[in-house]
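Asker:
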Amino acid sequence: MTGAWALMAWPVIVPLLGAVLALLVGRDGVRIVAGVASIVTLVAVAVLAWKVATVGALHQDIGGWGAPLGIGWRADGLAVLMMLTVALVGSLISVNALDHLGNREDREYLPLWLFVWCALNALVMSADAFNLYVTLELTTLGAVALIVVRRDLPGLEAGLRYLLFALPGSLCYLLGISLLYGAYAALDMGLLAQRVQPGPVTWTAAALVTVGLCLKTPLFPLHVWLPPTYGGAPTPVTALLSALISKGSYYVLFRMWLEVFAPVLDAEVGQFLGVLGAAAVLWGSLLALSQSKLKQVVAYSSVAQIGYMFLVFPMATSGARSGAIYLVVSHAAAKASMFVAVGNIHQAVGITELGGVQGLAYRMPFTFLAMALGGISLIGIPPSGGFIAKWYLLNAAIQTHQWWWGGVLLVGSLLAAAYVFRILRGSFLPLPPGVEVRSIPLGNELAPLALALIALVLGLVPWFPLDLLAVGAAR
Amino acid sequence: MSSWVLYALSGMAMFSVGLVGLFAHRHVVKRILASNIMGSGVLLVLVALARRVPSGAPDPIPHALVLTGIVVSVSSTALGVALARRISRLQAAESDSARSRPEGS
């Protein structure tokens, strides 16, 4: 028992200790402390994932207090897959962020990122609905601090906007959880799943939980805060927000909906979420196509990609679940790669318009290779993680005789191809005269490429993540 | 209607008032206050729920949750107010420099 406890505790305790230590040491030690903490956390997550893959899902009651009074932690395949994603993608984004941000921001970025990492690891392992609220809030507060790390006006405004949309989201979730506790005297998700009955209280709670988490993720039409927030935040932070932090609230919704609420809700409610997801795919893609700023194209693409993830709720087969989670993972890698590439481009030419990419494919080959590979995964062209995800979703649509979701997948992929090619086409035009291209450190060019390669490898060897997902799954 | 239901319903009402206020106002301080009212509403619901079993002592778990909720709410309010203050200072500095520039040149 203690062995399991240590395995699960390390990925949360190490980044937390690292964050505190990194804040305490002077400016010279920050990178060393954060680097060591990151490496130890990566190893701890990998060991936990290996243990879960070989032995099976782990469960631990914190401090020996079991449900209903205590808080449980669980590490099943889904949880450790999320932790692996956060560890790999987050570390690569942070390597790039070091050079992208100034020296002063570095000192604050690294401890804050470690703090968010700790919160995300605790979130994915939590099996207690109230503990999920606490970890969601920790993630939000850390994210806001990361958004304002530059202390410039656009960043501060983006941070406050994010906070003021995330707060009501969390509070809606908390009210939903309170109603559930009032009716069923349980916060542990396993106990809740056994006890919930159809009825007005459960329906109200489900509605509050769903609306709150959709506001945080965000799902169309609650996405209005996303483009300005992603636009105002420093680009590496935008990459973290889109790739990892927004997935935290989606993960909570995925767990709550499929493990607790689905059996007591009518199928129409799932269809409703699916329709909103489909609307997000179409609306987000169309807006991505019509943006004039490079970063906003990538930001609106996130609205669309999140939409696909909600197609799991009307289908809810195990294949659809695999597809949705596979999309979460591959979108994390692909979108992080694209945002980091956008940051490189801004650094090189200082132009934020889409036209600024003109001629850059010749000057920044790795950055644009990353952009293209990330784009391939967003579109869903094989071999890429995005293709596997959409394949599973398409199969689920056919299997459940809901062919219209297949139509959404196809139209969304076409639109994604259009906005990705809009970026790539410009990059191959001749460099306009008078544009000065500053050289980017090689490490910064390689970070997005490494992220894009993760998305590619997810398409080449999907068995490991898919087998891992099946460990301890509900069915 | 037992008294705890009345308290819980008042909590729900506060939550709703805060939610409307948060999206109806543009002023940042008003929106932060509205989110506070929302939060207090949720906590009031939790406090009231502790009394839902008519006999015996109140259920202690919701009270423990309320304490945690208060800590979270204080932290996020502090963060929001700090951001709002810094934004208004930066905006004031910006408009000052915008005003003084034509005179200086």
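One line per chain: the protein sequences are H and G, in this order.
For what it's worth, our numbering labels the leading residue of the first sequence as 1, then goes sequentially.
For what it's worth, our numbering labels the leading residue of the second sequence as 476, then goes sequentially.
Ideal placement from N, C-alpha and C gives every residue a C-beta, glycine not left out.
Determine the DSSP secondary structure at S580/G, reduced to helix, strand or coil.
Answerer: Working through the second sequence from its first residue, we reach residue 580/G at position 105. Reliability fails at S580/G, whose pLDDT of 41 lies under 50, so the model's placement of it is uncertain and the value that follows must be treated cautiously. Of the three classes helix, strand and coil, the one that applies to S580/G here is coil, per DSSP.
Asker: What does M513/G reach in chain H if we use C-beta pairs closer than 9 Å?
Answerer: Position 38 of the second sequence, counted from the first residue, corresponds to residue 513/G. Those are L167, P168, L171, C172, L175, listed as they occur along chain H.
Asker: Can you look up M1/H in the DSSP assignment and give me helix, strand or coil?
Answerer: Counting from one through the first sequence, the residue named residue 1/H turns up at place 1. Here M1/H scores only 47 on pLDDT, less than 50, and its place in the model should not be relied on; the value that follows carries that caveat. Coil.
Asker: For a contact defined as C-beta to C-beta under 9 Å, what are the partners of L542/G on chain H?
Answerer: Residue numbering aside, residue 542/G sits at position 67 when the second sequence is read from its first letter. Correct list: empty, because the minimum Cβ distance to chain H is about 12 Å.
Asker: If you drop the 5 nearest sequence neighbours on each side, which residues of the same chain put their C-beta closer than 7 Å to that of K293/H?
Answerer: Sequence index remark: in the first sequence, residue 293/H carries index 293 (1-based). Contacts found: T352, E353, L354.
Asker: I need the DSSP call for Q60/H, collapsed to helix, strand or coil.
Answerer: Within the first sequence, residue 60/H is the residue found at index 60, counting from 1. Here Q60/H sits in strand by DSSP.
Asker: Please classify G221/H: is it buried, with 16 or more other beta-carbons within 10 angstroms of its beta-carbon, or exposed?
Answerer: Here the question's residue 221/H lines up with position 221 in the first sequence. With the sequence shown as reference, residue 221/H is identified as Pro, and Gly is not the correct amino acid for it. Exposed.
Asker: If you measure beta-carbon to beta-carbon, which residues of the region 517-529 of chain G are closer than 7 Å to chain H?
Answerer: Here the close residues are V517, V520, L521, L524, R527.
Asker: With DSSP as the reference, please indicate the residues paired to E353/H in a beta bridge.
Answerer: If you number the first sequence from 1, residue 353/H lands on position 353. For E353/H, which the question treats as bridged, DSSP gives the partners K293/H.
Asker: Which full runs of the beta strand (DSSP E) of 3+ residues lie inside the region 338-415 of chain H, going along the chain?
Answerer: Counting whole runs of 3 or more residues, the region 338-415 of chain H contains no beta strand (DSSP E) stretch at all.
Asker: When you compare each of V20/H, I147/H, L424/H, I93/H to P228/H by their alpha carbons, which one comes out closest?
Answerer: Here residue 228/H corresponds to residue number 228 of the first sequence, with the count starting at 1. For the residues V20/H, I147/H, L424/H, I93/H, the minimum Cα distance to P228/H belongs to I147/H.
Asker: Comparing alpha-carbon positions, which option in N121/H, G385/H, L446/H, W50/H lies nearest L340/H?
Answerer: Walking along the first sequence from the start, residue 340/H turns up at place 340. One point to set straight first is that residue 340/H is Val, not Leu, in the sequence displayed. Nearest of N121/H, G385/H, L446/H, W50/H to V340/H, Cα basis: L446/H.
Asker: Tell me whether W203/H sits in a helix, a strand or coil according to DSSP, three-state version.
Answerer: Counted from its first residue, the first sequence places residue 203/H at position 203. Residue state, collapsed to three classes: helix.
Asker: For L123/H, which option in N444/H, S94/H, P234/H, L78/H has the closest C-alpha, if you only look at C-alpha atoms?
Answerer: Here residue 123/H is taken as the residue at index 123 of the first sequence, counted from 1. Nearest C-alpha to L123/H: L78/H.
Asker: Are the Cβ atoms of A324/H and M309/H separated by less than 7 Å?
Answerer: In the first sequence, residue 324/H corresponds to position 324, counting from 1. In the first sequence, residue 309/H corresponds to position 309, counting from 1. A contact, by the Cβ cut-off of 7 Å.
Asker: Going by beta carbon distance, what residues of the same chain come within less than 6 Å of Y482/G, once the five residues before and after it are set aside?
Answerer: Position 7 of the second sequence, counted from the start, is the residue given in the question as residue 482/G. Result list for Y482/G: A523, in chain order.
Asker: Within a Cβ cutoff of 6 Å, which residues of the same chain sit near D99/H, ignoring the five residues on either side of it in sequence?
Answerer: Working through the first sequence from its first residue, we reach residue 99/H at position 99. Taken in chain order, the residues that qualify are P441, N444.
Asker: Would you mind reading off the limits of the alpha helix (DSSP H) that contains A75/H?
Answerer: Sequence index remark: in the first sequence, residue 75/H carries index 75 (1-based). Looking at the DSSP string, A75/H is not in any alpha helix (DSSP H); the run it does join, the beta strand (DSSP E), is 72-75.
Asker: L163/H: buried (16+ other C-beta within 10 angstroms of its C-beta) or exposed?
Answerer: Within the first sequence, numbered from 1, the residue matching residue 163/H stands at position 163. Result: buried.
Asker: Less than 7 Å between the C-beta atoms of G307/H and V281/H, yes or no?
Answerer: Along the first sequence, one-based indexing puts residue 307/H at 307. Along the first sequence, one-based indexing puts residue 281/H at 281. Yes, they are a contact pair.
Asker: Does any residue of chain H have a CB that is nearer than 7 Å to the CB of G555/G?
Answerer: Start at 1 with the first residue of the second sequence, and residue 555/G comes out as number 80. Closer than 7 Å to some Cβ of chain H, the Cβ of G555/G qualifies, so yes.
Asker: Quick check on the burial criterion: 16 or more other C-beta atoms within 10 angstroms. Buried or exposed for G407/H?
Answerer: Walking along the first sequence from the start, residue 407/H turns up at place 407. G407/H should be labelled exposed.
Asker: Could you say which of I376/H, F428/H, Y250/H, A87/H lies nearest to P365/H if we only look at CA atoms?
Answerer: In the first sequence, counting from the first residue as 1, residue 365/H sits at position 365. The option with the nearest alpha carbon to P365/H is F428/H.
Asker: Within this structure, are the beta carbons of A34/H and P236/H separated by less than 7 Å?
Answerer: Translated into positions along the first sequence, residue 34/H becomes position 34. Translated into positions along the first sequence, residue 236/H becomes position 236. No; because the gap between Cβ atoms is not below 7 Å, this pair is not in contact.
Asker: Just to make sure I have the definition right: I need the residues of chain G whose C-beta is within less than 8 Å of the C-beta of L153/H. Which are they?
Answerer: Working through the first sequence from its first residue, we reach residue 153/H at position 153. Those within 8 Å of L153/H in chain G are I562, L565, Q566, E569.
Asker: Between the beta-carbon of I388/H and the beta-carbon of G343/H, is there less than 7 Å?
Answerer: Taking the first residue of the first sequence as 1, we reach residue 388/H at position 388. Taking the first residue of the first sequence as 1, we reach residue 343/H at position 343. No.
Asker: Give me the residue from E569/G, L554/G, T543/G with the minimum Cα distance to S152/H.
Answerer: As a first step, residue 152/H must be located in the first sequence, where it is residue number 152. Inspection of the sequence shows that residue 152/H is occupied by Asp rather than by Ser. Nearest option by C-alpha distance: E569/G.
Asker: Identify the contact partners of V503/G in chain H, using a Cβ-Cβ distance below 7 Å as the criterion.
Answerer: For this step, residue 503/G is matched to residue 28 along the second sequence. Residues of chain H passing the Cβ test: L160.
Asker: Hey, quick one: how far does the alpha helix (DSSP H) through S515/G stretch, first residue to last?
Answerer: Locating residue 515/G in the second sequence gives position 40, counting from the first residue. From DSSP, the alpha helix (DSSP H) with S515/G extends over 503-524.
Asker: Taking the straight line between their C-alpha atoms, what separation do you get for N131/H and C118/H?
Answerer: What you label residue 131/H is simply residue 131 of the first sequence in a count that begins at 1. What you label residue 118/H is simply residue 118 of the first sequence in a count that begins at 1. Each residue's Cα considered, the two are about 14 Å apart.
Asker: Please confirm whether V547/G has its beta-carbon closer than 7 Å to some beta-carbon of chain H.
Answerer: Position 72 of the second sequence holds residue 547/G. Judged by the 7 Å Cβ criterion, V547/G is in contact with chain H.
Asker: Compare the C-beta of S551/G against all C-beta atoms of chain H and say whether one is closer than 7 Å.
Answerer: Counted from its first residue, the second sequence places residue 551/G at position 76. So yes, S551/G belongs to the interface.
Asker: Per the contact definition of three or more C-beta pairs closer than 8 Å, is the region 234-248 of chain H in contact with the region 287-301 of chain H?
Answerer: Output reads yes: the region 234-248 of chain H touches the region 287-301 of chain H.
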